[in-house]
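Below is one structure; the comments refer to it alone.
2 protein chains.
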Amino acid sequence: MKNHLFFIPAFIFSVLINIGGVASLYSQAKDSETPNFIIIFADDLGYGDLGVFGNPSIKTPHLDTMAYEGQKWTSFYAAASVCTPSRAGLLTGRLPVRSGMASSKSRVLFPNSKNGLPASEITIAEQLKKVGYTTAAIGKWHLGHKPEFLPTNHGFDSYFGIPYSNDMDMIDTNIGYSEYWEQPFDSIKTAHFNVPLLRDTKIIERPANQNNITKRYSDEAVAFIEKQGVSPFFLYVAHNLPHIPLFASKDFLGKSKRGLYGDVIEEIDDGVGKIIKALKAKGLDRNTIVVFTSDNGPWLPFKNNGGSSGLLRAGKGTTWEGGMREPTIFWGPGLIKRGVVSDIGSTLDVFTTFSAMAESPITQDRIIDGLDLSLSLMEGAPSPRKSILYYRGSELFAVRLGDFKAHFITQGAYGQFGERKEHETPLLYNVAFDAGEHFDVAMKNPRVLKDINDFISNHTSSLIMAKDQLAERE
Amino acid sequence: MKNHLFFIPAFIFSVLINIGGVASLYSQAKDSETPNFIIIFADDLGYGDLGVFGNPSIKTPHLDTMAYEGQKWTSFYAAASVCTPSRAGLLTGRLPVRSGMASSKSRVLFPNSKNGLPASEITIAEQLKKVGYTTAAIGKWHLGHKPEFLPTNHGFDSYFGIPYSNDMDMIDTNIGYSEYWEQPFDSIKTAHFNVPLLRDTKIIERPANQNNITKRYSDEAVAFIEKQGVSPFFLYVAHNLPHIPLFASKDFLGKSKRGLYGDVIEEIDDGVGKIIKALKAKGLDRNTIVVFTSDNGPWLPFKNNGGSSGLLRAGKGTTWEGGMREPTIFWGPGLIKRGVVSDIGSTLDVFTTFSAMAESPITQDRIIDGLDLSLSLMEGAPSPRKSILYYRGSELFAVRLGDFKAHFITQGAYGQFGERKEHETPLLYNVAFDAGEHFDVAMKNPRVLKDINDFISNHTSSLIMAKDQLAERE
Chain E
376 MKNHLFFIPA FIFSVLINIG GVASLYSQAK DSETPNFIII FADDLGYGDL GVFGNPSIKT
436 PHLDTMAYEG QKWTSFYAAA SVCTPSRAGL LTGRLPVRSG MASSKSRVLF PNSKNGLPAS
496 EITIAEQLKK VGYTTAAIGK WHLGHKPEFL PTNHGFDSYF GIPYSNDMDM IDTNIGYSEY
556 WEQPFDSIKT AHFNVPLLRD TKIIERPANQ NNITKRYSDE AVAFIEKQGV SPFFLYVAHN
616 LPHIPLFASK DFLGKSKRGL YGDVIEEIDD GVGKIIKALK AKGLDRNTIV VFTSDNGPWL
676 PFKNNGGSSG LLRAGKGTTW EGGMREPTIF WGPGLIKRGV VSDIGSTLDV FTTFSAMAES
736 PITQDRIIDG LDLSLSLMEG APSPRKSILY YRGSELFAVR LGDFKAHFIT QGAYGQFGER
796 KEHETPLLYN VAFDAGEHFD VAMKNPRVLK DINDFISNHT SSLIMAKDQL AERE
Chain Z
376 MKNHLFFIPA FIFSVLINIG GVASLYSQAK DSETPNFIII FADDLGYGDL GVFGNPSIKT
436 PHLDTMAYEG QKWTSFYAAA SVCTPSRAGL LTGRLPVRSG MASSKSRVLF PNSKNGLPAS
496 EITIAEQLKK VGYTTAAIGK WHLGHKPEFL PTNHGFDSYF GIPYSNDMDM IDTNIGYSEY
556 WEQPFDSIKT AHFNVPLLRD TKIIERPANQ NNITKRYSDE AVAFIEKQGV SPFFLYVAHN
616 LPHIPLFASK DFLGKSKRGL YGDVIEEIDD GVGKIIKALK AKGLDRNTIV VFTSDNGPWL
676 PFKNNGGSSG LLRAGKGTTW EGGMREPTIF WGPGLIKRGV VSDIGSTLDV FTTFSAMAES
736 PITQDRIIDG LDLSLSLMEG APSPRKSILY YRGSELFAVR LGDFKAHFIT QGAYGQFGER
796 KEHETPLLYN VAFDAGEHFD VAMKNPRVLK DINDFISNHT SSLIMAKDQL AERE
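Residue numbers (my numbering), protein chains in the order written: chain E, 376 to 849; chain Z, 376 to 849.
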């Protein structure tokens with residue numbers, strides 16, 4: 376050992392001399408060791424919508440390969456069951472109730488919303504930027520469309536995308552959604568949803584031509600990768616689809632056995648393939664982590680234009696597993712240990728994990744809910760996460776602790792609407808064993824319910840609800 | 376080209392001289408070119424019970440790898456929704472109604488059944504044996520337990536297994552199944568089901584110790600592979616599990632997040648891994664096709680002791696997709712072209728495909744329902760199969776033609792029991808698009824219904840129902 380300890384500094388010293396100084400060595404070493412990060416975030420994708428998550432009709436060869444070469448997480452959760460709070464949780468590592476991005480009055484932000492993600496919140500982009508990362512956001516934002524709330528004011532060097540959901544800014548709300556279900560490709564449809572497309576904070580197209588929006592996002596991501604230099608980078612690609620209304624570009628229309636919905640997923644998968652290819656072409660594949668997941672479960676009331684949660688119960692908008700458990704893949708052949716992980720993970724953890732891996736210290740001035748999954752990702756260690764808090768808006772509806780999940784309130788089943796039920800004795804499911812939440816085991820497990828109640832008391836006692844940022848409209 | 380044509384025969388001629396004659400060269404060439412075949416058949420496995428088919432709790436790394444390296448078929452069907460007719464269909468390539476192995480009076484064979492698969496039927500084993508294959512059956516038979524009906528009288532050189540379902544021969548039928556659901560491991564449970572274990576036609580153990588039956592079947596399969604010489608071989612490994620009652624050996628008890636049911640699947644997967652490993656150790660992996668599938672869907676009334684059909688509707692015993700669509704994988708890195716196949720396939724096709732690949736002519740004296748999938752397997756060509764006939768017993772309940780499936784009669788939903796409904800206008804689903812059979816599209820597709828009716832007329836006009844072999848008891 377002593378020999379080794381002596382030998383290594385001597386070797387490093389000789390390298391220092393050869394390349395001309397400490398600073399440049401450190402900088403080069405840091406550049407090559409510091410991983411790049413890419414988040415590919417789908418919108419309303421169901422747990423059962425990818426090939427490797429069991430879909431029989433939709434082909435996703437690139438995501439299947441990512442899952443096989445990387446880590447497929449089967450109990451990975453979004454931070455909320457709808458768009459805005461879910462994205463706030465992903466980017467800040469904090470429960471949306473802590474940032475005001477969850478509300479009892481409005482589930483998401485709208486084009487006439489007054490506010491957005493507060494400037495005081497710290498995003499992954501800000502965490503990484505402060506340690507030298509180049510950052511870019513592409514796609515759906517939905518954390519405030521006014522300039523002060525846009526990505527370029529939240530740590531991203533650049534932004535290209537539609538700032539909220541692709542079904543907003545409807546020109547004639549009387550027409551209703553039903554017009555759009557069975558039409559695969561329609562310029563009128565694009566025109567009808569008058570959503571803007573932004574470059575940084577500037578509108579460059581309105582209505583955004585959504586017919587090829589998925590392709591444009593993927594191409595933009597590839598272009599970003601191609602122009603990277605020595606700095607590490609963080610790229611956030613948030614597709615607007617498969618949120619309705621559905622669009623696929625000409626090359627994908629009619630390609631899938633699953634109709635337009637399948638075409639959309641197959642085009643997203645194609646984009647994933649292009650991103651991986653671009654990484655390989657730049658020799659960055661061994662030093663980049665790509666994570667693929669979704670903001671919430673499938674929007675089931677839209678029938679064949681919504682996805683499937685597979686064997687999970689219910690979908691988007693609910694606190695059943697189908698609403699928040701997401702098909703999640705971490706890929707990075709030089710960094711991620713291959714395998715299937717059934718331990719619990721959360722999009723909240725991405726903030727903390729990436730910060731740890733990039734050695735960017737996390738502020739101690741606030742509660743961060745994310746946990747560091749880096750040992751699970753790199754070494755296959757058990758996940759440090761043992762719990763999930765299922766909020767609906769600002770109300771805690773359900774809690775998973777270990778294998779068990781207690782529902783205190785449920786609302787909606789097929790869709791997010793429906794009767795609200797408060798359960799005097801919570802419904803209790805072993806969701807590791809019975810992921811479909813079929814068999815209530817509350818009567819047999821009073822101790823588990825007590826543990827969950829204690830866990831909640833501990834959580835709520837330290838919870839300070841932030842000012843609601845979603846309710847105010849102009 | 377002329378040079379090559381000249382050179383090759385000259386080269387072969389010199390080899391002939393070296394190894395001593397035409398006959399031995401031909402025999403060696405045939406041996407090395409003729410593929411070996413292994414069928415691994417699970418019992419009551421659900422469409423959603425393997426990792427690569429979307430199960431979040433059960434880990435199946437070996438089957439996942441087989442799927443990734445081979446062909447994952449997502450629209451592959453069993454020949455029936457219960458055990459006996461499904462197995463008759465698999466082994467003969469004929470609809471069970473043609474062999475008498477489907478009945479309106481008894482869905483399967485029982486320990487007091489008088490008959491079994493008629494001697495006049497030709498099994499895959501007989502097809503392959505006549506062109507020089509060594510053949511072996513391991514596991515559940517369920518095509519007649521009397522000596523004349525056993526595997527050794529149907530083309531298999533040897534047999535080791537329980538000749539029918541593992542829940543038969545109950546010692547005290549008053550105890551009922553419910554006693555056995557929550558017990559993971561129990562010698563009393565084994566004793567209670569007094570099923571015999573046979574070596575060829577001889578009972579070697581009774582009751583069969585089911586606690587390690589899966590392991591014993593896999594070990595027996597490995598031992599068979601290890602002792603193979605120059606002849607090609609056909610190995611049929613039909614696990615008794617995950618049919619209830621569930622058993623796993625000590626190494627697997629408590630291993631899975633999915634309880635005993637998951638433990639059972641993980642032990643089957645482990646056995647698959649051992650079989651692949653044995654093939655590799657013998658250098659046979661490039662010349663062997665392994666197909667993994669199941670006899671029918673999950674037995675849902677048994678709750679957590681039954682499996683899951685994933686996003687498919689219903690399970691075992693029904694003609695919904697969950698009853699007959701099976702998680703199917705073809706593996707053989709030297710022979711099978713990698714990919715995901717959503718085209719239609721059937722266990723009926725295994726007979727015809729293996730016969731074609733082994734160059735064993737199929738008799739013209741009867742109707743064979745199997746189609747030759749070898750070009751799909753080896754070259755990725757479209758499947759020649761465009762239809763599925765969903766029989767319940769001897770009655771045709773539903774038909775899939777292309778993407779569409781018409782239900783004329785339905786019975787059972789959660790389980791196989793329940794009200795029988797005859798549909799004046801058939802229920803029609805696009806099961807490529809809507810594999811979960813949620814959205815009836817009969818009203819919009821009168822032409823499709825007409826095509827299906829024409830298809831059925833054509834089928835029934837040539838159908839000769841064989842004498843019922845299942846009804847008679849002693």
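Glycine included, every Cβ here is placed at the ideal spot set by N, Cα and C. What you are looking at is a predicted structure, and each value in this text was computed from that prediction instead of being measured.
Query raised in the report: Which parts of the stretch 419–462 of chain Z are runs of the alpha helix (DSSP H), unbroken and 4 residues or longer, counting only runs that do not cross its ends?
Result: 436–444
Query raised in the report: Do the CB positions of residue 737 of chain Z and residue 774 of chain Z come within less than 8 Å of each other?
Result: As a first step, residue 737 of chain Z must be located in the second sequence, where it is residue number 362. As a first step, residue 774 of chain Z must be located in the second sequence, where it is residue number 399. Contact: no.
Query raised in the report: Quick one: is residue 809 of chain E near chain Z, going by C-beta distance under 8 Å?
Result: As a working mapping, residue 809 of chain E is identified with position 434 in the first sequence. Chain Z, which has a Cβ nearer than 8 Å to the Cβ of residue 809 of chain E, makes this yes.
Query - Boundaries of the beta strand (DSSP E) in which residue 609 of chain E is found, first to last residue - result: For the purposes of this step, residue 609 of chain E is identified with residue 234 of the first sequence, where counting begins at 1. Run containing residue 609 of chain E: 608–613, per the beta strand (DSSP E) assignment.
Requested in this report: Please check if any C-beta of chain Z sits within less than 8 Å of the C-beta of residue 678 of chain E.
Outcome: Here the question's residue 678 of chain E lines up with position 303 in the first sequence. With 8 Å as the cut-off, residue 678 of chain E counts as an interface residue toward chain Z.
Report task. Go to residue 358 of chain E, then tell me how far its alpha helix (DSSP H) extends in each direction, as first and last residue. Result -> Given that chain E is displayed from residue 376 to residue 849, the structure contains no residue 358 of chain E and the question cannot be resolved.
Query raised in the report: Comparing alpha-carbon positions, which option in E:520, E:531, E:581, E:522 lies nearest residue 546 of chain E?
Result: As a position in the first sequence, residue 546 of chain E is number 171, starting the count at 1. Answer by Cα proximity: E:581.
Query raised in the report: For a contact meaning CB atoms closer than 7 Å, what does residue 431 of chain E contact in chain Z?
Result: On the first sequence, residue 431 of chain E is found 56 positions in, with the first residue counted as 1. Within 7 Å Cβ-Cβ: 449, 450, 717, 810.
Query - Where the alpha helix (DSSP H) through residue 651 of chain E begins and ends - result: Here residue 651 of chain E refers to the residue found at position 276 when the first sequence is read from its first residue. Taken as a continuous stretch (DSSP letters only), the alpha helix (DSSP H) holding residue 651 of chain E covers 634–656.
Query raised in the report: Looking at chain E, which residues of the stretch 690–715 of chain Z have a Cβ within less than 7 Å of any of its Cβ atoms?
Result: 715
Query raised in the report: So, does the CB of residue 630 of chain Z fall closer than 8 Å to a CB anywhere in chain E?
Result: Residue numbering aside, residue 630 of chain Z sits at position 255 when the second sequence is read from its first letter. By this cut-off, residue 630 of chain Z is not an interface position.
Requested in this report: From the DSSP output, in three-state form, read off residue 834 of chain E for me.
Outcome: The sequence position of residue 834 of chain E within the first sequence is 459, counting from 1. Residue 834 of chain E: helix per DSSP, three-state reduction.
Query raised in the report: Looking at C-beta atoms only, is the number of pairs between the stretch 610–625 of chain E and the stretch 676–688 of chain E that lie closer than 8 Å three or more?
Result: yes
Query raised in the report: Quick one: is residue 403 of chain Z buried, meaning 16 or more other Cβ sit within 10 Å of its Cβ, or exposed?
Result: Translated into positions along the second sequence, residue 403 of chain Z becomes position 28. For residue 403 of chain Z, the pLDDT reaches just 38, beneath the cut-off of 50, and the residue's location in the model is therefore unreliable, although a value from the coordinates is still provided. Flag for residue 403 of chain Z reads exposed.
Query raised in the report: Can the beta-carbon of residue 517 of chain Z be found closer than 8 Å to that of residue 467 of chain Z?
Result: Walking along the second sequence from the start, residue 517 of chain Z turns up at place 142. Walking along the second sequence from the start, residue 467 of chain Z turns up at place 92. Against a cut-off of 8 Å, the Cβ pair of residue 467 of chain Z and residue 517 of chain Z comes out as no contact.
Report task. Just the chain E side, please: which residues come within less than 7 Å of residue 634 of chain Z by C-beta, in chain order? Result -> To locate residue 634 of chain Z, count along the second sequence from 1; it is residue 259. Those are 808, listed as they occur along chain E.
Query raised in the report: Which bits of chain Z does residue 612 of chain E rub up against, with CB to CB less than 9 Å?
Result: Here residue 612 of chain E refers to the residue found at position 237 of the first sequence. Within 9 Å Cβ-Cβ: nothing; residue 612 of chain E doesn't reach chain Z, min ~24 Å.
Query raised in the report: Which residues share a DSSP beta bridge with residue 533 of chain E?
Result: Position 158 of the first sequence, counting from 1, holds the residue named residue 533 of chain E. Note: residue 533 of chain E sits in a beta bridge opposite E:511.
Query raised in the report: Where does residue 798 of chain E fall in DSSP's three states?
Result: Counted from its first residue, the first sequence places residue 798 of chain E at position 423. Correct three-state label for residue 798 of chain E: strand.
Query - Exposure of residue 835 of chain Z, with buried meaning 16 or more beta-carbon neighbours within 10 Å - result: In the second sequence, residue 835 of chain Z corresponds to position 460, counting from 1. Classification for residue 835 of chain Z: exposed.
Query - First and last residue of the uninterrupted beta strand (DSSP E) at residue 730 of chain E - result: For the purposes of this step, residue 730 of chain E is identified with residue 355 of the first sequence, where counting begins at 1. Taken as a continuous stretch (DSSP letters only), residue 730 of chain E belongs to no beta strand (DSSP E), being part of the alpha helix (DSSP H) at 723–732.
Requested in this report: Could you name the residues of the same chain whose beta carbon sits closer than 6 Å to that of residue 427 of chain E, not counting the 5 residues immediately before and after it, in chain order?
Outcome: In the first sequence, residue 427 of chain E corresponds to position 52, counting from 1. Here the set comprises 439, 442.
**Report entry** Member of E:752, E:655, E:696 whose CA lies at the smallest distance from the CA of residue 422 of chain E
**Finding:** The count along the first sequence starts at 1 and reaches residue 422 of chain E at position 47. Answer by Cα proximity: E:696.
Requested in this report: May I have the straight-line CA-CA distance separating residue 672 of chain E from residue 449 of chain E, to the nearest angstrom?
Outcome: Within the first sequence, the letter at position 297 stands for residue 672 of chain E. Within the first sequence, the letter at position 74 stands for residue 449 of chain E. Rounded to whole angstroms, residue 672 of chain E to residue 449 of chain E spans 14 Å at the Cα level.
Requested in this report: Could you list which residues in chain E have their beta carbon closer than 8 Å to that of residue 434 of chain Z, in chain order?
Outcome: For the purposes of this step, residue 434 of chain Z is taken as residue 59 along the second sequence, with counting starting at 1. Neighbours of residue 434 of chain Z on chain E, chain order: 715, 717.
Query - Residue-chain proximity (residue 514 of chain E, chain Z), Cβ-Cβ < 8 Å - result: Within the first sequence, residue 514 of chain E is the residue found at index 139, counting from 1. Taking Cβ atoms only, chain Z never reaches closer than 8 Å to residue 514 of chain E, which makes this a no.
Query raised in the report: Any Cβ of chain E within less than 8 Å of the Cβ of residue 647 of chain Z?
Result: Translated into positions along the second sequence, residue 647 of chain Z becomes position 272. Closer than 8 Å: no.
Requested in this report: Have a look at Z:643, Z:535, Z:656, Z:661 and flag the residue whose alpha-carbon is nearest the alpha-carbon of residue 669 of chain Z.
Outcome: Residue numbering aside, residue 669 of chain Z sits at position 294 when the second sequence is read from its first letter. Among Z:643, Z:535, Z:656, Z:661, the Cα nearest to that of residue 669 of chain Z belongs to Z:643.
Report task. Could you confirm whether any beta carbon from chain E is found closer than 8 Å to the beta carbon of residue 823 of chain Z? Result -> Walking along the second sequence from the start, residue 823 of chain Z turns up at place 448. False, the Cβ-Cβ gap to chain E never drops below 8 Å.
Query raised in the report: Leaving out the 5 sequence neighbours to the left and right, which residues in its chain are closer than 8 Å to residue 534 of chain Z when beta-carbon positions are compared?
Result: Position 159 of the second sequence, counting from 1, holds the residue named residue 534 of chain Z. Cβ within range, chain order: 511, 512, 513, 516, 525, 526, 527, 573, 574, 575, 576.
Query raised in the report: Rounded to the nearest angstrom, how far is the Cβ of residue 415 of chain E from that of residue 647 of chain E, given a contact under 8 Å?
Result: By 1-based counting over the first sequence, the position of residue 415 of chain E is 40. By 1-based counting over the first sequence, the position of residue 647 of chain E is 272. Correct: roughly 6 Å between the Cβ atoms.
Query raised in the report: Where does residue 827 of chain E sit, in a helix, a strand or coil, going by DSSP?
Result: Translated into the one-based positions of the first sequence, residue 827 of chain E becomes position 452. Note: residue 827 of chain E maps to helix in three-state DSSP.
Query raised in the report: For residue 837 of chain E, which option in E:435, E:444, E:462, E:470 has the closest C-alpha, if you only look at C-alpha atoms?
Result: In the first sequence, residue 837 of chain E corresponds to position 462, counting from 1. When each option's Cα is compared against that of residue 837 of chain E, the closest is E:470.
Requested in this report: Return the residue from the list Z:723, Z:634, Z:702 that minimises the CA-CA distance to residue 429 of chain E.
Outcome: Taking the first sequence and counting its residues from 1, the one referred to as residue 429 of chain E is at position 54. Looking at the Cα atoms, Z:702 is the closest of the given residues.
**Report entry** 6 Å Cβ shell around residue 613 of chain E - same chain, five flanking residues per side excluded
**Finding:** For the purposes of this step, residue 613 of chain E is identified with residue 238 of the first sequence, where counting begins at 1. Cβ neighbours of residue 613 of chain E beyond the five flanking positions: 416, 514, 515.
Query raised in the report: In chain order, what residues of the same chain lie with their CB nearer than 7 Å to the CB of residue 498 of chain E, ignoring the 5 residues before and after it?
Result: Residue 498 of chain E sits at position 123 when you count from the first residue of the first sequence. So the list reads 466, 467, 529, 530, once near-sequence residues are dropped.
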